[in-house]
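**Student:** Below are the structure tokens for one structure; questions will follow.
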Amino acid sequence: MAFSLSRLVPRLAERLGGPLPGHEAHLRMAPRNPSRRADLSVGARDCRDAGVLLLLHPDDADPSVVLTVRRDHLPDHAGQISFPGGRRERDESLPDTALREAEEEINLPPASVDVLGALTPLFIPPSNFCVHPFVGHTPSPASLRPTDAEVGRILQVPLARLLDPAARTTETRPLNGRDVDVPYYDVAGHTVWGATAMMLAEFLAVVRDATASAE
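Right under this line is the structure:
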């Protein structure tokens, strides 16, 4: 990573205010299933809104991206990796949803987060959620710890590792009765795929644009 977090943040905020890579970036990490390449744009869908926080955290010389690992005993999505976030409550803004959920899941005080902007919302057909990702950062290190019954671990992945092309790979998985090539990020032995990988792909594209503009 060529920039410290303090130098990256203003460029990232500026880039998030412009046109986003959107679903072109999402599709780079979507399962290669021709029969299910559905339109994942939110538009005017009748869906359940959720907000998630893509948090940049200052770790030594290189910022990290914060992810959560769901507990293994859960009946749904056990062991899967995601961003802190969840369903919007009545009369709550989507950025506030993301911040509230981050506090509930990883002990992150909302006042400690500077929200830089939003990424492109993503529709998740199986759950009928429209997920709205927000990018934020903490100027100083926070005492992150799992504080939710569903969160087993917190992963703080160096941004430089995610930007490394070697972090992205593909495997074949059985999905809906057929073998499908599934792109994913290999994060310290953990597999980040699906909606989380798709949102992460757009974020990384934005970071590359923001850093390239300074070169």
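Taking the numbering used here, the leading residue of the sequence shown gets 988, the next gets one more, and so forth. Built from N, CA and C at the ideal position, the CB exists for glycine as well.
Exposed or buried, which one is H1060 when buried takes at least 16 other CB atoms within 10 Å?
**Tutor:** In the sequence shown, residue 1060 corresponds to position 73, counting from 1. Its Cβ having fewer than 16 others within 10 Å, H1060 is exposed.
**Student:** Contact between the stretch 1140–1147 and the stretch 1040–1059: three or more CB pairs below 8 Å?
**Tutor:** Flag = yes, the stretch 1140–1147 and the stretch 1040–1059 touch.
**Student:** Express the C-alpha separation of A1154 and P1112 in angstroms, rounding to a whole number.
**Tutor:** Stepping through the sequence shown from its first residue, residue 1112 is reached at position 125. Stepping through the sequence shown from its first residue, residue 1154 is reached at position 167. Each residue's alpha carbon lies about 26 Å from the other.
**Student:** CB V1118 to CB L1041, shorter than 8 Å?
**Tutor:** Translated into the one-based positions of the sequence shown, residue 1118 becomes position 131. Translated into the one-based positions of the sequence shown, residue 1041 becomes position 54. Taking 8 Å as the Cβ cut-off, V1118 and L1041 do not qualify as a contacting pair.
**Student:** Could you spell out where the beta strand (DSSP E) holding L1203 opens and where it closes?
**Tutor:** There is no way to answer for residue 1203, as the model of the chain reaches only from 988 to 1202.
**Student:** Quick check: the Cα distance between T1178 and L1103, rounded to an integer number of angstroms?
**Tutor:** In the sequence shown, residue 1178 corresponds to position 191, counting from 1. In the sequence shown, residue 1103 corresponds to position 116, counting from 1. Approximately 27 Å, taken between the alpha carbons.
**Student:** Skipping 5 residues on each side, what residues in its chain have a beta carbon closer than 7 Å to that of D1173?
**Tutor:** Start at 1 with the first residue of the sequence shown, and residue 1173 comes out as number 186. A1154 and T1156.
**Student:** For P1128 versus P1045, is the C-beta distance shorter than 8 Å?
**Tutor:** Stepping through the sequence shown from its first residue, residue 1128 is reached at position 141. Stepping through the sequence shown from its first residue, residue 1045 is reached at position 58. Yes. Within cutoff.
**Student:** Just the Cα atoms here: how many angstroms apart are A989 and A1175?
**Tutor:** For the purposes of this step, residue 989 is taken as the residue at position 2 of the sequence shown. For the purposes of this step, residue 1175 is taken as the residue at position 188 of the sequence shown. Low per-residue confidence applies at A989: pLDDT is 49, beneath 50, and the placement is therefore not dependable enough to give any value.
**Student:** Run through the stretch 1114–1154 for me and flag every whole beta strand (DSSP E) of 3 or more residues, listed as ranges in chain order.
**Tutor:** Taking only runs of at least 3 residues, the beta strand (DSSP E) segments lying wholly in the stretch 1114–1154 are 1116–1124 and 1138–1145.
**Student:** Among all the DSSP beta bridges, which residues are the ones paired with F1070?
**Tutor:** Sequence index remark: in the sequence shown, residue 1070 carries index 83 (1-based). In the DSSP output, where bridge partners are listed per residue, F1070 has none listed.
**Student:** Tell me which residue opens and which closes the beta strand (DSSP E) that L1007 is part of.
**Tutor:** The residue labelled residue 1007 in the question sits at position 20 within the sequence shown. Element bounds for L1007: n/a, residue is neither H nor E.
**Student:** For H1010, collect the residues of the same chain with a Cβ closer than 7 Å to its Cβ; drop the 5 residues on either side in sequence, then sort them by chain order.
**Tutor:** Here residue 1010 corresponds to residue number 23 of the sequence shown, with the count starting at 1. L1027, S1028 and T1107.
**Student:** Are there 16 or more other CB atoms within 10 angstroms of the CB of P1071, so buried, or fewer, so exposed?
**Tutor:** Within the sequence shown, numbered from 1, the residue matching residue 1071 stands at position 84. Flag for P1071 reads buried.
**Student:** Taking only three categories from DSSP, how would you classify D1083?
**Tutor:** Against the sequence shown, residue 1083 aligns to sequence position 96. In the structure shown, D1083 sits in a helix (DSSP, three-state: H, G or I).
**Student:** For D1196, does the three-state DSSP call read helix, strand or coil?
**Tutor:** Translated into positions along the sequence shown, residue 1196 becomes position 209. In this structure, D1196 counts as helix in the three-state DSSP scheme.
**Student:** Let me check understanding here. Comparing Cα to Cα, which of L1054, E1091 and A1192 lies closest to R1140?
**Tutor:** For this step, residue 1140 is matched to residue 153 along the sequence shown. Minimum Cα distance to R1140 is reached at L1054.
**Student:** Does DSSP put R1160 in a helix, a strand or coil?
**Tutor:** Within the sequence shown, residue 1160 is the residue found at index 173, counting from 1. The answer is strand: DSSP assigns R1160 an E or B state.
**Student:** Return no unless some Cβ of chain B is closer than 8 Å to the Cβ of S993.
**Tutor:** This model lacks chain B altogether; it includes just one protein chain.
**Student:** Quick one, which of A1182, F1116, R1058 and L1043 has its alpha-carbon nearest R1075's?
**Tutor:** Here the question's residue 1075 lines up with position 88 in the sequence shown. Nearest option by C-alpha distance: F1116.
**Student:** Could you give the residue range of the beta strand (DSSP E) that holds S1051?
**Tutor:** In the sequence shown, residue 1051 corresponds to position 64, counting from 1. Taken as a continuous stretch (DSSP letters only), the beta strand (DSSP E) holding S1051 covers D1049 to R1057.
**Student:** Do A1197 and L1043 come within 8 Å of each other at the CB atom, strictly closer than that value?
**Tutor:** To locate residue 1043, count along the sequence shown from 1; it is residue 56. To locate residue 1197, count along the sequence shown from 1; it is residue 210. Against a cut-off of 8 Å, the Cβ pair of A1197 and L1043 comes out as no contact.
**Student:** Taking 7 Å as the limit between beta carbons, can you name the residues of its chain near N1094, skipping five residues before and five after?
**Tutor:** By 1-based counting over the sequence shown, the position of residue 1094 is 107. If we look at N1094 and ignore the five residues flanking it on each side, its Cβ neighbours are S1130, L1131, R1132 and T1134.
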